[in-house]
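As structure tokens, the structure follows; a few thoughts come after it.
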Amino acid sequence: MVAPLTLKRSELSHTMRKTEESSWLQPVARSSPGIGMASVVFTAPTNLLPLEGDEGTKASDSNENIPIYNYVSGQNTLTFQENSDVILERILEVPSAQAIWYPWAIPFRSVFWYRVFAIFVHVIPGALLDTTLVIKGSPPMLVKLYRKIDKYILSMNYFTRFNWNFDNRNCMNLYQSLSPEDKKIFYFDSNTYDCRDYLRICVDGARFYLFKESPDTIPEGKSRLMK
Numbered sequence: 001m002v003a004p005l006t007l008k009r010s011e012l013s014h015t016m017r018k019t020e021e022s023s024w025l026q027p028v029a030r031s032s033p034g035i036g037m038a039s040v041v042f043t044a045p046t047n048l049l050p051l052e053g054d055e056g057t058k059a060s061d062s063n064e065n066i067p068i069y070n071y072v073s074g075q076n077t078l079t080f081q082e083n084s085d086v087i088l089e090r091i092l093e094v095p096s097a098q099a100i101w102y103p104w105a106i107p108f109r110s111v112f113w114y115r116v117f118a119i120f121v122h123v124i125p126g127a128l129l130d131t132t133l134v135i136k137g138s139p140p141m142l143v144k145l146y147r148k149i150d151k152y153i154l155s156m157n158y159f160t161r162f163n164w165n166f167d168n169r170n171c172m173n174l175y176q177s178l179s180p181e182d183k184k185i186f187y188f189d190s191n192t193y194d195c196r197d198y199l200r201i202c203v204d205g206a207r208f209y210l211f212k213e214s215p216d217t218i219p220e221g222k223s224r225l226m227k
């Protein structure tokens, strides 16, 4: 999944940003609205690692089958459409002051229609904006950037068109076997994980750390959305 945010004016005058920032330019995605898009906070599986390593060692020493631990969002998994709705809702609450167009997202299950639509929202806008860059004396960047985005999306084609179900009972049983003190130290209870809250924090973090926009610019961003 690619975050359905918005194109920024700064892209017209600055050099290309890092790959992770390119997701902010992506209004069209190759997926289906009902497909589950699992996400977890990276600290949770990190907390799980030493515990599952210890359990695996115990099983190996006793000649038992080594257990498999799948750490996933489980029952809290959101669909692609739900992910997009949460992200877009938060973007409208804290919009970028450098946005060029209104934030939106459209998922496509068909590769053909994705490619057709990408011509109008990737290729043509990218070519026009690159022309503007060249006129200003800056190197073109957006067509190349959109090619990378499209290549990434199409490479994820198989994984974004199907729901993937993982059994996480071993993880949950392991967590429940911990003492109250260890649960605080090695916290990884996915049943209490709030995907929506996590996505909102991601939007805030991207706005502040990637785009260098402080909360003071939110009113300016809202004013731009109204134009």
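With full-length UniProt numbering applied, the sequence shown has no gaps in its numbers, which climb one by one up to 227 at the end. Ideal Cβ positions, reconstructed from N, Cα and C, are used throughout, including at glycine. Note that the structure is a prediction, hence the values are computed from the model and not measured.
Span separating the alpha-carbon of residue i from that of residue j
{"i": "residue 144", "j": "residue 91", "result": "26 Å"}
{"i": "residue 304", "j": "residue 129", "result": "Outside the shown range of the chain, which is 1 to 227, sits residue 304, and nothing can be said about it."}
{"i": "residue 171", "j": "residue 86", "result": "27 Å"}
{"i": "residue 186", "j": "residue 193", "result": "14 Å"}
{"i": "residue 196", "j": "residue 63", "result": "42 Å"}
{"i": "residue 218", "j": "residue 108", "result": "31 Å"}
{"i": "residue 82", "j": "residue 167", "result": "22 Å"}
{"i": "residue 180", "j": "residue 77", "result": "26 Å"}
{"i": "residue 114", "j": "residue 49", "result": "39 Å"}
{"i": "residue 136", "j": "residue 99", "result": "20 Å"}
{"i": "residue 159", "j": "residue 152", "result": "12 Å"}
{"i": "residue 110", "j": "residue 184", "result": "45 Å"}
{"i": "residue 70", "j": "residue 133", "result": "47 Å"}
{"i": "residue 101", "j": "residue 75", "result": "35 Å"}
Helix, strand or coil at residue i according to DSSP, with G and I counted as helix
{"i": "residue 141", "result": "coil"}
{"i": "residue 99", "result": "strand"}
{"i": "residue 6", "result": "Unreliable placement is indicated for residue 6, whose pLDDT of 39 sits below 50; no coordinate value is reported for it."}
{"i": "residue 42", "result": "coil"}
{"i": "residue 131", "result": "helix"}
{"i": "residue 178", "result": "coil"}
{"i": "residue 77", "result": "coil"}
{"i": "residue 120", "result": "helix"}
{"i": "residue 149", "result": "helix"}
{"i": "residue 34", "result": "coil"}
{"i": "residue 201", "result": "helix"}
{"i": "residue 67", "result": "coil"}
Cβ neighbour criterion (16 or more within 10 Å) applied to residue i
{"i": "residue 175", "result": "buried"}
{"i": "residue 173", "result": "exposed"}
{"i": "residue 59", "result": "exposed"}
{"i": "residue 65", "result": "exposed"}
Closest by C-alpha distance to residue i, when choosing among the options
{"i": "residue 225", "options": "81, 89, 109 and 103", "result": "103"}
{"i": "residue 250", "options": "126, 53 and 116", "result": "The structure shown has nothing for residue 250, since the chain only spans 1 to 227."}
{"i": "residue 112", "options": "154, 89 and 65", "result": "154"}
{"i": "residue 67", "options": "180, 132, 46 and 54", "result": "54"}
{"i": "residue 131", "options": "188, 76 and 142", "result": "142"}
{"i": "residue 44", "options": "201, 189 and 223", "result": "189"}
{"i": "residue 146", "options": "157, 158 and 121", "result": "121"}
{"i": "residue 182", "options": "88, 79, 56 and 47", "result": "47"}
{"i": "residue 149", "options": "159, 202, 134 and 123", "result": "123"}
Indicate whether the contact test is met: 3 or more Cβ pairs, each with one atom in the region 35-52 and one in the region 163-174, closer than 8 Å.
-> yes
Any contact of the region 201-211 with the region 85-101, i.e. 3+ C-beta pairs under 8 Å?
-> yes
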